[in-house]
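Encoded as C-alpha coordinates, the structure appears first; notes follow it.
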Amino acid sequence: NPLTEAIPHSLKLDVKQGASGAVGFTNEGYWGVPVDGSEFLNTFWIKGNFSGDITVRLVGNNTGTEYGSTKISQSSNSSNFTRVTAKIPTKKAPDGAVLYELTVDGASVDGSSLNFGLLELFPQTYRSRSNGLKPQVAQPLADMKGSFLRFPGGNNLEGASEARRWKWNETIGPVENRPGRQGDWSYYNTDGLGLDEYFYWCEDMGLTPVLGVWAGFALESGGNTPITGDALKPYIDDVLNELEYVLGDSSTKYGSLRASYERKEPWKLTMVEIGNEDMLGGGCESYGERFTAFYDAIHAAYPDLTIIASTDQSSCLPSKLPEGAWVDYHNYNTADNLVEQFGQFDNKDRSVPYFIGEYSCQQDNAWPFMQGSVAEAVYMIGIERNSDVVKMAAYAPLLQLVNSTQWTPNLIAFTQNPSTVIETTSYYVQQMFSVNRGDTIHNVKSDSAFGPVYWVASSAGDNYYVKLANYGANTQEITISISGKTGGKLTVLADSDPKAFNSDTQTLVTPSESDVKATNGKFTFTLPAWSVGVLAAN
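The opening residue of the sequence shown carries number 1 in full-length UniProt numbering; numbering runs sequentially from there.
This is the structure we're talking about:
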(Lines of atoms letter the chains of each structure in order from A and count residues from 1; the text may use other names and numbers.)
(Lines give C-alpha, C1' and ligand atoms only; values in the text may rest on other atoms or scores of the structure.)
Protein backbone atom coordinates (compact mmCIF):
# COMPACT_ATOMS: atom_id res chain seq x y z
CA ASN A 1 0.00 0.00 0.00
CA PRO A 2 2.30 2.80 -1.18
CA LEU A 3 1.02 6.30 -0.51
CA THR A 4 2.49 7.64 -3.77
CA GLU A 5 5.23 6.66 -6.18
CA ALA A 6 7.55 8.82 -4.12
CA ILE A 7 6.46 7.37 -0.74
CA PRO A 8 6.29 3.60 -1.31
CA HIS A 9 5.68 2.54 2.30
CA SER A 10 2.84 2.90 4.76
CA LEU A 11 2.18 1.61 8.28
CA LYS A 12 -0.39 -1.18 8.53
CA LEU A 13 -2.53 -1.41 11.65
CA ASP A 14 -4.13 -4.87 11.93
CA VAL A 15 -6.99 -5.15 14.41
CA LYS A 16 -8.01 -8.58 15.69
CA GLN A 17 -11.61 -9.69 15.48
CA GLY A 18 -13.51 -8.88 18.63
CA ALA A 19 -11.17 -6.08 19.63
CA SER A 20 -12.52 -3.13 21.57
CA GLY A 21 -11.10 -0.10 23.30
CA ALA A 22 -8.13 1.93 22.14
CA VAL A 23 -5.85 0.28 19.58
CA GLY A 24 -3.12 2.03 17.65
CA PHE A 25 0.56 2.86 17.68
CA THR A 26 3.15 5.21 19.12
CA ASN A 27 6.17 6.92 17.59
CA GLU A 28 9.05 8.15 19.73
CA GLY A 29 10.32 10.54 17.07
CA TYR A 30 13.99 11.18 16.50
CA TRP A 31 15.45 11.24 20.02
CA GLY A 32 12.07 12.26 21.33
CA VAL A 33 9.32 14.66 20.28
CA PRO A 34 9.98 18.23 21.44
CA VAL A 35 6.79 19.89 22.67
CA ASP A 36 7.20 23.64 23.11
CA GLY A 37 3.68 24.63 24.15
CA SER A 38 2.62 25.95 20.74
CA GLU A 39 -0.28 24.64 18.69
CA PHE A 40 0.90 21.64 16.69
CA LEU A 41 -0.24 20.72 13.19
CA ASN A 42 -0.63 16.98 12.64
CA THR A 43 -1.05 15.64 9.11
CA PHE A 44 -1.33 12.04 7.97
CA TRP A 45 -2.99 9.86 5.34
CA ILE A 46 -5.36 6.96 6.09
CA LYS A 47 -6.64 4.12 3.91
CA GLY A 48 -9.18 1.45 4.87
CA ASN A 49 -12.87 1.20 5.64
CA PHE A 50 -13.31 3.33 8.70
CA SER A 51 -15.78 5.73 10.27
CA GLY A 52 -15.23 7.01 13.76
CA ASP A 53 -12.92 8.96 16.01
CA ILE A 54 -9.15 9.06 15.79
CA THR A 55 -7.44 10.18 19.00
CA VAL A 56 -3.98 11.71 18.85
CA ARG A 57 -2.02 12.39 22.04
CA LEU A 58 1.43 13.64 22.98
CA VAL A 59 2.43 11.87 26.18
CA GLY A 60 5.53 11.64 28.34
CA ASN A 61 7.53 8.57 27.42
CA ASN A 62 8.39 7.78 31.03
CA THR A 63 5.66 9.58 32.94
CA GLY A 64 2.52 9.17 30.85
CA THR A 65 1.81 12.88 31.34
CA GLU A 66 -0.37 14.24 28.56
CA TYR A 67 1.03 17.37 26.88
CA GLY A 68 -1.54 17.64 24.12
CA SER A 69 -4.44 15.76 22.54
CA THR A 70 -7.16 16.01 19.94
CA LYS A 71 -10.01 13.85 18.68
CA ILE A 72 -10.73 13.70 14.95
CA SER A 73 -14.01 12.45 13.49
CA GLN A 74 -12.98 10.80 10.25
CA SER A 75 -14.14 8.41 7.56
CA SER A 76 -12.04 6.66 4.93
CA ASN A 77 -12.27 3.88 2.37
CA SER A 78 -10.13 1.00 1.15
CA SER A 79 -9.68 2.36 -2.38
CA ASN A 80 -7.71 5.54 -1.79
CA PHE A 81 -5.71 7.31 0.87
CA THR A 82 -7.51 10.20 2.59
CA ARG A 83 -5.54 13.16 3.91
CA VAL A 84 -6.24 14.13 7.52
CA THR A 85 -5.17 17.33 9.26
CA ALA A 86 -5.70 18.34 12.86
CA LYS A 87 -4.46 20.99 15.27
CA ILE A 88 -3.24 19.92 18.69
CA PRO A 89 -3.07 22.48 21.53
CA THR A 90 -0.14 21.63 23.81
CA LYS A 91 1.54 22.54 27.05
CA LYS A 92 5.33 22.67 27.20
CA ALA A 93 7.11 19.44 28.08
CA PRO A 94 10.22 19.68 30.29
CA ASP A 95 12.27 17.64 27.82
CA GLY A 96 11.98 15.85 24.50
CA ALA A 97 11.02 12.49 26.04
CA VAL A 98 7.54 12.55 24.52
CA LEU A 99 5.67 9.99 22.42
CA TYR A 100 3.23 10.57 19.57
CA GLU A 101 0.25 8.27 20.09
CA LEU A 102 -2.57 7.55 17.60
CA THR A 103 -5.49 5.30 18.54
CA VAL A 104 -8.92 4.29 17.28
CA ASP A 105 -11.68 2.24 18.89
CA GLY A 106 -10.87 -1.36 18.04
CA ALA A 107 -14.55 -2.13 17.51
CA SER A 108 -14.66 0.31 14.57
CA VAL A 109 -11.99 -1.68 12.71
CA ASP A 110 -13.02 -5.11 14.01
CA GLY A 111 -11.07 -7.82 12.18
CA SER A 112 -9.81 -5.43 9.54
CA SER A 113 -6.84 -3.14 8.97
CA LEU A 114 -5.94 0.47 8.30
CA ASN A 115 -2.92 1.92 6.54
CA PHE A 116 -1.31 5.18 7.62
CA GLY A 117 1.12 7.14 5.47
CA LEU A 118 3.45 10.14 5.84
CA LEU A 119 2.73 11.19 9.40
CA GLU A 120 3.89 14.76 10.05
CA LEU A 121 3.87 16.72 13.28
CA PHE A 122 4.84 20.40 13.22
CA PRO A 123 4.95 22.93 16.04
CA GLN A 124 4.46 26.61 15.28
CA THR A 125 7.13 27.35 12.68
CA TYR A 126 9.29 30.41 12.11
CA ARG A 127 7.16 33.08 10.43
CA SER A 128 4.35 30.47 10.37
CA ARG A 129 5.67 28.98 7.15
CA SER A 130 4.10 25.74 6.00
CA ASN A 131 6.73 23.02 6.28
CA GLY A 132 8.92 25.66 7.91
CA LEU A 133 11.83 26.08 10.31
CA LYS A 134 11.95 25.41 14.04
CA PRO A 135 11.62 28.86 15.65
CA GLN A 136 14.04 27.98 18.48
CA VAL A 137 16.76 27.33 15.90
CA ALA A 138 15.72 29.95 13.36
CA GLN A 139 15.62 32.87 15.79
CA PRO A 140 19.35 32.81 16.66
CA LEU A 141 20.05 32.73 12.92
CA ALA A 142 17.83 35.76 12.41
CA ASP A 143 19.45 37.50 15.38
CA MET A 144 22.84 37.04 13.77
CA LYS A 145 21.65 39.25 10.88
CA GLY A 146 23.62 37.38 8.25
CA SER A 147 23.90 38.47 4.64
CA PHE A 148 23.49 35.32 2.58
CA LEU A 149 22.69 31.62 2.60
CA ARG A 150 24.48 29.13 0.36
CA PHE A 151 22.29 26.13 -0.34
CA PRO A 152 21.66 23.24 -0.57
CA GLY A 153 25.07 22.84 1.07
CA GLY A 154 28.32 21.39 -0.22
CA ASN A 155 28.52 17.62 0.11
CA ASN A 156 24.73 17.58 0.27
CA LEU A 157 24.69 18.95 -3.28
CA GLU A 158 27.21 16.48 -4.68
CA GLY A 159 25.82 13.19 -3.40
CA ALA A 160 27.63 9.86 -3.49
CA SER A 161 26.84 9.43 -7.19
CA GLU A 162 24.96 11.16 -9.98
CA ALA A 163 21.87 9.18 -8.95
CA ARG A 164 22.16 10.31 -5.33
CA ARG A 165 22.87 13.97 -6.03
CA TRP A 166 20.54 16.68 -4.75
CA LYS A 167 17.79 16.83 -7.39
CA TRP A 168 15.98 20.14 -7.24
CA ASN A 169 12.85 18.87 -8.99
CA GLU A 170 12.37 16.18 -6.33
CA THR A 171 12.37 18.77 -3.53
CA ILE A 172 9.45 20.92 -4.73
CA GLY A 173 5.68 20.66 -4.52
CA PRO A 174 3.61 18.55 -2.10
CA VAL A 175 5.78 16.60 0.33
CA GLU A 176 4.01 13.36 -0.55
CA ASN A 177 5.61 13.67 -3.98
CA ARG A 178 9.15 14.12 -2.63
CA PRO A 179 10.96 10.77 -2.43
CA GLY A 180 13.91 12.03 -0.41
CA ARG A 181 17.36 10.49 -0.73
CA GLN A 182 20.16 8.93 1.23
CA GLY A 183 22.20 11.90 2.36
CA ASP A 184 25.95 12.30 2.54
CA TRP A 185 26.25 12.50 6.32
CA SER A 186 24.94 9.00 7.18
CA TYR A 187 21.25 9.90 7.53
CA TYR A 188 18.27 9.99 5.17
CA ASN A 189 17.11 13.32 3.76
CA THR A 190 13.34 13.71 3.43
CA ASP A 191 13.83 16.88 1.36
CA GLY A 192 10.99 18.47 3.26
CA LEU A 193 13.42 21.39 3.30
CA GLY A 194 13.45 21.84 -0.45
CA LEU A 195 14.26 24.46 -3.04
CA ASP A 196 11.30 26.73 -2.28
CA GLU A 197 11.74 26.38 1.47
CA TYR A 198 15.35 27.55 1.15
CA PHE A 199 14.18 30.64 -0.74
CA TYR A 200 11.50 31.36 1.86
CA TRP A 201 14.21 31.06 4.51
CA CYS A 202 16.26 33.67 2.66
CA GLU A 203 13.25 35.91 2.16
CA ASP A 204 12.18 35.74 5.81
CA MET A 205 15.66 36.62 7.11
CA GLY A 206 16.69 39.12 4.44
CA LEU A 207 19.44 36.83 3.11
CA THR A 208 20.91 36.83 -0.39
CA PRO A 209 20.49 33.33 -1.87
CA VAL A 210 23.61 31.62 -3.24
CA LEU A 211 22.34 28.63 -5.21
CA GLY A 212 24.69 25.69 -5.68
CA VAL A 213 24.11 23.62 -8.82
CA TRP A 214 25.38 20.12 -9.53
CA ALA A 215 28.32 20.14 -11.91
CA GLY A 216 28.84 16.55 -13.04
CA PHE A 217 30.85 15.41 -10.05
CA ALA A 218 29.95 13.37 -6.95
CA LEU A 219 31.93 12.88 -3.77
CA GLU A 220 35.20 11.00 -4.33
CA SER A 221 34.34 10.53 -8.03
CA GLY A 222 31.33 8.42 -7.02
CA GLY A 223 29.12 6.71 -9.58
CA ASN A 224 30.13 7.49 -13.14
CA THR A 225 31.58 10.89 -12.28
CA PRO A 226 33.22 13.08 -13.28
CA ILE A 227 30.94 13.46 -16.28
CA THR A 228 32.41 15.36 -19.20
CA GLY A 229 31.83 16.21 -22.85
CA ASP A 230 28.44 15.62 -24.45
CA ALA A 231 27.35 13.52 -21.49
CA LEU A 232 27.10 16.74 -19.46
CA LYS A 233 24.31 18.18 -21.61
CA PRO A 234 21.35 16.63 -19.72
CA TYR A 235 22.73 17.97 -16.45
CA ILE A 236 23.29 21.43 -17.91
CA ASP A 237 19.72 21.38 -19.22
CA ASP A 238 18.56 20.37 -15.75
CA VAL A 239 20.28 23.42 -14.23
CA LEU A 240 18.69 25.69 -16.85
CA ASN A 241 15.30 24.19 -15.98
CA GLU A 242 16.00 24.85 -12.30
CA LEU A 243 16.90 28.46 -13.03
CA GLU A 244 13.73 28.89 -15.09
CA TYR A 245 11.77 27.53 -12.12
CA VAL A 246 13.47 30.08 -9.86
CA LEU A 247 13.59 33.10 -12.17
CA GLY A 248 11.05 32.52 -14.92
CA ASP A 249 7.70 34.29 -14.98
CA SER A 250 4.50 32.29 -14.85
CA SER A 251 4.27 32.15 -18.64
CA THR A 252 7.30 29.83 -18.82
CA LYS A 253 7.08 26.07 -18.39
CA TYR A 254 8.90 25.88 -15.09
CA GLY A 255 7.85 29.31 -13.90
CA SER A 256 4.24 28.18 -14.24
CA LEU A 257 5.08 25.07 -12.22
CA ARG A 258 6.42 27.29 -9.44
CA ALA A 259 3.29 29.42 -9.64
CA SER A 260 1.16 26.29 -9.27
CA TYR A 261 2.91 25.78 -5.93
CA GLU A 262 1.63 29.15 -4.70
CA ARG A 263 4.66 31.24 -5.62
CA LYS A 264 3.63 33.38 -8.56
CA GLU A 265 6.48 35.90 -8.34
CA PRO A 266 9.96 34.70 -9.34
CA TRP A 267 12.48 34.30 -6.58
CA LYS A 268 15.27 36.83 -6.22
CA LEU A 269 18.52 35.17 -7.26
CA THR A 270 21.76 36.89 -8.22
CA MET A 271 24.42 34.26 -7.44
CA VAL A 272 25.01 30.70 -8.62
CA GLU A 273 27.91 28.43 -7.65
CA ILE A 274 28.92 25.64 -10.02
CA GLY A 275 29.67 22.52 -7.99
CA ASN A 276 31.33 22.11 -4.62
CA GLU A 277 35.01 21.65 -3.77
CA ASP A 278 35.79 20.27 -7.20
CA MET A 279 39.49 20.36 -6.39
CA LEU A 280 39.00 17.29 -4.15
CA GLY A 281 38.41 13.59 -4.73
CA GLY A 282 39.45 13.47 -8.36
CA GLY A 283 37.44 16.41 -9.66
CA CYS A 284 40.23 18.88 -10.36
CA GLU A 285 41.44 17.69 -13.76
CA SER A 286 37.99 17.89 -15.38
CA TYR A 287 36.63 20.94 -13.55
CA GLY A 288 37.96 23.50 -16.02
CA GLU A 289 35.99 21.84 -18.81
CA ARG A 290 32.90 21.28 -16.69
CA PHE A 291 32.91 24.80 -15.24
CA THR A 292 33.19 26.31 -18.72
CA ALA A 293 30.32 24.21 -20.08
CA PHE A 294 27.98 25.19 -17.24
CA TYR A 295 29.18 28.80 -17.17
CA ASP A 296 28.63 29.32 -20.90
CA ALA A 297 25.09 27.93 -20.78
CA ILE A 298 24.06 29.80 -17.63
CA HIS A 299 25.67 33.08 -18.66
CA ALA A 300 24.04 32.96 -22.10
CA ALA A 301 20.58 32.50 -20.56
CA TYR A 302 21.05 34.71 -17.48
CA PRO A 303 23.87 37.21 -18.14
CA ASP A 304 23.18 39.19 -14.96
CA LEU A 305 23.90 36.29 -12.63
CA THR A 306 27.19 36.27 -10.74
CA ILE A 307 28.73 32.83 -11.26
CA ILE A 308 31.12 31.32 -8.73
CA ALA A 309 33.70 28.59 -9.31
CA SER A 310 33.88 26.01 -6.52
CA THR A 311 37.66 26.35 -6.04
CA ASP A 312 40.39 28.95 -6.30
CA GLN A 313 43.07 26.44 -7.31
CA SER A 314 44.36 27.61 -10.68
CA SER A 315 45.25 24.07 -11.75
CA CYS A 316 41.55 23.16 -11.58
CA LEU A 317 40.21 26.25 -13.36
CA PRO A 318 40.08 27.32 -17.01
CA SER A 319 43.31 28.99 -18.14
CA LYS A 320 41.40 32.28 -18.13
CA LEU A 321 38.49 32.72 -15.77
CA PRO A 322 35.59 34.62 -17.38
CA GLU A 323 35.41 38.27 -16.42
CA GLY A 324 33.11 38.76 -13.45
CA ALA A 325 33.37 35.18 -12.22
CA TRP A 326 34.23 34.60 -8.56
CA VAL A 327 36.12 31.78 -6.86
CA ASP A 328 35.20 29.90 -3.68
CA TYR A 329 37.87 29.17 -1.06
CA HIS A 330 37.40 26.91 1.99
CA ASN A 331 39.64 27.13 5.04
CA TYR A 332 39.44 24.79 8.03
CA ASN A 333 42.48 25.37 10.20
CA THR A 334 43.97 25.45 13.67
CA ALA A 335 43.76 28.58 15.80
CA ASP A 336 47.42 29.51 15.37
CA ASN A 337 47.29 28.95 11.62
CA LEU A 338 44.22 31.16 11.23
CA VAL A 339 46.07 33.95 13.03
CA GLU A 340 49.11 33.41 10.79
CA GLN A 341 46.76 33.87 7.82
CA PHE A 342 45.68 37.33 9.00
CA GLY A 343 47.36 38.93 5.97
CA GLN A 344 46.46 36.15 3.53
CA PHE A 345 44.59 38.47 1.17
CA ASP A 346 46.70 41.61 1.54
CA ASN A 347 48.50 41.03 -1.76
CA LYS A 348 45.95 38.98 -3.68
CA ASP A 349 45.17 39.80 -7.30
CA ARG A 350 42.20 42.18 -7.11
CA SER A 351 40.81 41.11 -10.50
CA VAL A 352 39.27 37.87 -9.16
CA PRO A 353 36.71 38.27 -6.35
CA TYR A 354 36.79 35.72 -3.53
CA PHE A 355 33.96 34.01 -1.71
CA ILE A 356 35.15 32.22 1.44
CA GLY A 357 32.32 29.73 1.47
CA GLU A 358 33.46 27.74 4.50
CA TYR A 359 35.88 28.44 7.33
CA SER A 360 36.32 27.70 11.03
CA CYS A 361 38.84 26.66 13.64
CA GLN A 362 39.30 22.89 13.58
CA GLN A 363 41.49 21.61 16.39
CA ASP A 364 40.05 18.31 17.65
CA ASN A 365 37.48 20.41 19.47
CA ALA A 366 33.93 19.18 20.01
CA TRP A 367 32.72 22.76 20.54
CA PRO A 368 33.95 26.18 19.42
CA PHE A 369 36.26 27.39 22.18
CA MET A 370 37.52 30.80 23.21
CA GLN A 371 40.99 30.70 21.67
CA GLY A 372 39.64 29.28 18.42
CA SER A 373 36.87 31.87 18.25
CA VAL A 374 39.36 34.69 18.85
CA ALA A 375 41.50 33.23 16.05
CA GLU A 376 38.45 33.26 13.78
CA ALA A 377 37.93 36.92 14.70
CA VAL A 378 41.54 37.69 13.77
CA TYR A 379 41.00 35.96 10.43
CA MET A 380 37.73 37.84 9.91
CA ILE A 381 39.44 41.15 10.64
CA GLY A 382 42.00 40.25 7.99
CA ILE A 383 39.36 39.50 5.37
CA GLU A 384 37.28 42.56 6.32
CA ARG A 385 40.37 44.70 5.73
CA ASN A 386 40.46 43.12 2.27
CA SER A 387 36.76 43.30 1.51
CA ASP A 388 37.48 44.83 -1.88
CA VAL A 389 38.53 41.33 -2.98
CA VAL A 390 36.87 39.07 -0.36
CA LYS A 391 33.22 39.73 -1.07
CA MET A 392 31.58 37.23 1.28
CA ALA A 393 32.58 34.75 3.98
CA ALA A 394 30.71 32.13 6.00
CA TYR A 395 31.46 30.07 9.08
CA ALA A 396 30.74 26.38 8.50
CA PRO A 397 29.08 24.12 9.38
CA LEU A 398 26.09 26.12 10.52
CA LEU A 399 23.83 23.78 12.54
CA GLN A 400 24.25 20.68 14.70
CA LEU A 401 21.70 18.32 16.26
CA VAL A 402 23.56 17.21 19.37
CA ASN A 403 21.74 13.86 19.45
CA SER A 404 23.17 12.89 16.07
CA THR A 405 26.48 14.52 15.24
CA GLN A 406 28.71 13.73 12.26
CA TRP A 407 31.04 16.75 12.44
CA THR A 408 32.31 19.10 15.10
CA PRO A 409 32.48 21.96 15.82
CA ASN A 410 29.41 23.80 14.51
CA LEU A 411 28.12 27.34 14.92
CA ILE A 412 24.73 26.68 16.55
CA ALA A 413 23.75 23.42 18.24
CA PHE A 414 20.40 22.20 19.52
CA THR A 415 18.76 19.17 21.11
CA GLN A 416 15.24 17.80 21.04
CA ASN A 417 14.59 19.67 24.26
CA PRO A 418 12.92 22.82 22.86
CA SER A 419 14.74 25.07 25.32
CA THR A 420 18.24 23.76 24.57
CA VAL A 421 19.81 25.84 21.82
CA ILE A 422 23.53 26.43 22.19
CA GLU A 423 24.91 29.74 20.99
CA THR A 424 28.62 28.99 20.84
CA THR A 425 31.56 31.33 21.32
CA SER A 426 31.98 31.42 17.54
CA TYR A 427 28.30 32.28 17.13
CA TYR A 428 28.76 35.36 19.29
CA VAL A 429 31.82 36.43 17.29
CA GLN A 430 29.85 36.12 14.05
CA GLN A 431 26.92 38.05 15.54
CA MET A 432 29.12 40.83 16.92
CA PHE A 433 30.80 41.34 13.57
CA SER A 434 27.55 41.11 11.60
CA VAL A 435 25.36 43.52 13.57
CA ASN A 436 28.17 46.10 13.66
CA ARG A 437 28.64 46.30 9.94
CA GLY A 438 30.19 49.15 8.02
CA ASP A 439 30.16 49.76 4.29
CA THR A 440 33.44 51.69 4.14
CA ILE A 441 36.81 50.50 5.47
CA HIS A 442 39.08 53.18 6.98
CA ASN A 443 42.83 53.40 7.34
CA VAL A 444 43.99 53.36 10.94
CA LYS A 445 47.08 55.18 12.19
CA SER A 446 48.61 53.19 15.03
CA ASP A 447 51.71 53.27 17.20
CA SER A 448 51.47 49.48 17.57
CA ALA A 449 51.97 46.62 15.13
CA PHE A 450 49.39 43.88 14.67
CA GLY A 451 49.63 41.14 17.30
CA PRO A 452 48.52 40.15 19.81
CA VAL A 453 45.82 42.79 19.16
CA TYR A 454 44.31 42.99 15.67
CA TRP A 455 41.82 45.58 14.42
CA VAL A 456 39.81 46.95 11.54
CA ALA A 457 37.79 50.20 11.34
CA SER A 458 34.71 50.86 9.23
CA SER A 459 31.70 53.14 9.02
CA ALA A 460 28.16 53.24 7.74
CA GLY A 461 26.69 56.71 7.62
CA ASP A 462 27.43 58.43 10.92
CA ASN A 463 28.16 55.17 12.75
CA TYR A 464 31.77 54.07 13.17
CA TYR A 465 32.91 50.59 14.14
CA VAL A 466 36.26 49.32 15.40
CA LYS A 467 36.56 45.54 15.67
CA LEU A 468 39.37 44.15 17.81
CA ALA A 469 40.72 40.74 18.81
CA ASN A 470 43.23 40.04 21.57
CA TYR A 471 44.89 36.74 20.75
CA GLY A 472 46.88 36.43 23.94
CA ALA A 473 46.88 35.67 27.64
CA ASN A 474 47.47 39.27 28.79
CA THR A 475 45.05 42.17 29.04
CA GLN A 476 45.68 45.08 26.68
CA GLU A 477 45.00 48.77 27.22
CA ILE A 478 43.34 50.26 24.15
CA THR A 479 43.03 53.93 23.20
CA ILE A 480 41.11 54.88 20.05
CA SER A 481 40.54 58.35 18.61
CA ILE A 482 37.58 58.85 16.25
CA SER A 483 37.13 62.40 15.07
CA GLY A 484 33.84 63.95 16.18
CA LYS A 485 32.66 60.95 18.23
CA THR A 486 31.99 61.35 21.93
CA GLY A 487 30.15 58.19 22.93
CA GLY A 488 29.26 54.68 21.93
CA LYS A 489 28.80 51.08 22.97
CA LEU A 490 31.50 48.51 23.66
CA THR A 491 30.68 44.81 23.24
CA VAL A 492 33.23 42.29 24.53
CA LEU A 493 33.37 38.49 24.42
CA ALA A 494 36.13 37.16 26.68
CA ASP A 495 37.33 34.41 28.96
CA SER A 496 40.71 34.11 30.64
CA ASP A 497 40.60 30.37 29.95
CA PRO A 498 41.44 29.89 26.26
CA LYS A 499 39.71 26.50 26.34
CA ALA A 500 36.39 27.86 27.67
CA PHE A 501 33.36 26.84 25.62
CA ASN A 502 29.57 26.74 25.62
CA SER A 503 27.81 23.40 25.24
CA ASP A 504 24.54 21.61 25.94
CA THR A 505 25.58 21.34 29.60
CA GLN A 506 27.17 24.74 30.22
CA THR A 507 27.10 28.36 29.09
CA LEU A 508 30.34 29.94 30.23
CA VAL A 509 30.91 32.72 27.73
CA THR A 510 28.48 35.42 26.60
CA PRO A 511 29.08 38.99 25.38
CA SER A 512 28.93 41.95 27.74
CA GLU A 513 27.88 45.43 26.66
CA SER A 514 28.74 48.77 28.22
CA ASP A 515 28.30 52.41 27.32
CA VAL A 516 31.56 54.24 26.76
CA LYS A 517 32.40 57.92 26.46
CA ALA A 518 35.38 59.60 24.86
CA THR A 519 37.61 61.77 27.03
CA ASN A 520 39.43 64.50 25.15
CA GLY A 521 38.38 62.79 21.94
CA LYS A 522 39.73 59.38 22.97
CA PHE A 523 38.00 56.12 23.88
CA THR A 524 40.06 54.22 26.46
CA PHE A 525 39.26 50.74 27.71
CA THR A 526 40.82 47.40 28.65
CA LEU A 527 40.65 44.45 26.27
CA PRO A 528 40.76 41.25 28.37
CA ALA A 529 42.89 38.22 27.60
CA TRP A 530 41.48 35.99 24.85
CA SER A 531 38.82 38.45 23.80
CA VAL A 532 36.93 39.95 20.90
CA GLY A 533 35.62 43.50 21.14
CA VAL A 534 33.58 45.87 19.01
CA LEU A 535 33.42 49.60 19.63
CA ALA A 536 30.37 51.16 17.96
CA ALA A 537 30.73 54.95 18.10
CA ASN A 538 27.89 57.29 17.20
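Note that CB positions come from ideal geometry on N, CA and C, so glycine has one too.
Rounded Cβ spacing between residue i and residue j (contact assumed at less than 8 Å)
i, j, result
"residue 328", "residue 244", "Contact flag wrong, Cβ pair sits at about 24 Å."
"residue 538", "residue 488", "6 Å"
"residue 335", "residue 361", "5 Å"
"residue 496", "residue 528", "7 Å"
"residue 285", "residue 223", "At roughly 17 Å, the Cβ-Cβ gap does not stay under 8 Å, so residue 285 and residue 223 are not in contact."
"residue 466", "residue 457", "5 Å"
"residue 14", "residue 113", "5 Å"
"residue 473", "residue 377", "Contact doesn't hold; Cβ gap of about 16 Å is too wide."
"residue 492", "residue 500", "Going by Cβ atoms, the distance from residue 492 to residue 500 rounds to 14 Å, so no, they are not a contact pair."
"residue 357", "residue 330", "6 Å"
"residue 383", "residue 390", "4 Å"
"residue 289", "residue 168", "At roughly 23 Å, the Cβ-Cβ gap does not stay under 8 Å, so residue 289 and residue 168 are not in contact."
"residue 58", "residue 23", "Actually they are not in contact, since the Cβ atoms of residue 58 and residue 23 sit about 18 Å apart, beyond 8 Å."
"residue 395", "residue 379", "In fact, because the Cβ distance is near 10 Å, the residues do not count as touching under 8 Å."
Straight-line gap, residue i to residue j (C-alpha atoms, nearest Å)
i, j, result
"residue 494", "residue 6", "51 Å"
"residue 477", "residue 523", "11 Å"
"residue 8", "residue 116", "12 Å"
"residue 204", "residue 56", "32 Å"
"residue 352", "residue 345", "12 Å"
"residue 166", "residue 462", "45 Å"
"residue 119", "residue 464", "52 Å"
"residue 63", "residue 96", "12 Å"
"residue 255", "residue 301", "15 Å"
"residue 298", "residue 246", "13 Å"
"residue 306", "residue 479", "41 Å"
"residue 375", "residue 209", "28 Å"
"residue 18", "residue 2", "28 Å"
"residue 230", "residue 175", "34 Å"
"residue 310", "residue 442", "31 Å"
"residue 181", "residue 534", "44 Å"
"residue 190", "residue 404", "16 Å"
"residue 270", "residue 490", "35 Å"
"residue 86", "residue 70", "8 Å"
"residue 267", "residue 199", "7 Å"
"residue 365", "residue 296", "42 Å"
"residue 177", "residue 171", "8 Å"
"residue 240", "residue 397", "28 Å"
"residue 195", "residue 215", "17 Å"
Helix, strand or coil at residue i according to DSSP, with G and I counted as helix
i, result
"residue 135", "helix"
"residue 334", "coil"
"residue 24", "strand"
"residue 345", "coil"
"residue 295", "helix"
"residue 169", "helix"
"residue 402", "coil"
"residue 121", "strand"
"residue 287", "helix"
"residue 513", "strand"
"residue 209", "strand"
"residue 534", "strand"
"residue 390", "strand"
"residue 608", "Summary: the structure shown does not reach residue 608, with the chain confined to residues 1 through 538, and so no result is reported for it."
"residue 114", "strand"
Boundaries of the beta strand (DSSP E) in which residue i is found, first to last residue
i, result
"residue 489", "487-494"
"residue 302", "Where residue 302 is concerned, there is no enclosing beta strand (DSSP E), given that its DSSP letter is neither H nor E."
"residue 375", "Residue 375 -> not in any beta strand (DSSP E); alpha helix (DSSP H) instead, spanning 370-385."
"residue 279", "Careful: residue 279 lies outside any beta strand (DSSP E) and carries neither H nor E."
"residue 527", "522-527"
"residue 201", "From DSSP, residue 201 is part of no beta strand (DSSP E) but of the alpha helix (DSSP H) over 195-205."
"residue 149", "148-151"
"residue 52", "50-60"
"residue 178", "Unbroken run through residue 178: none, as it is neither H nor E."
"residue 362", "Looking at the DSSP string, residue 362 is not in any beta strand (DSSP E), and its letter there is neither H nor E."
"residue 83", "82-88"
"residue 414", "412-414"
"residue 103", "98-105"
"residue 11", "11-14"
Proximity test, residue i beta-carbon vs the ligand GDP heavy atom, cut-off 6 Å
i, result
"residue 330", "In the structure shown, the ligand GDP is absent, as is every other ligand, since no ligand is present at all."
Where the alpha helix (DSSP H) containing residue i begins and where it ends
i, result
"residue 240", "233-247"
"residue 255", "253-260"
"residue 157", "155-158"
"residue 430", "425-435"
Stretch pair the region 34-52 + the region 90-106: three plus CB contacts closer than 8 Å: In short, these stretches touch, since the Cβ pair count reaches three.
At least 3 beta-carbon pairs within less than 8 Å: the region 128-136 vs the region 154-171: No contact exists between the region 128-136 and the region 154-171.
Is it true that the region 120-130 meets the region 194-211, where meeting means three or more beta-carbon pairs spaced less than 8 Å apart? Flag = yes, the region 120-130 and the region 194-211 touch.
Flag this pair as touching only if the region 223-240 and the region 136-148 have three or more C-beta atom pairs under 8 Å; answer yes or no. At 8 Å Cβ cutoff, the stretches do not touch.
The region 27-37 contacting the region 71-85, beta-carbon criterion three pairs below 8 Å: Verdict: no, contact absent.
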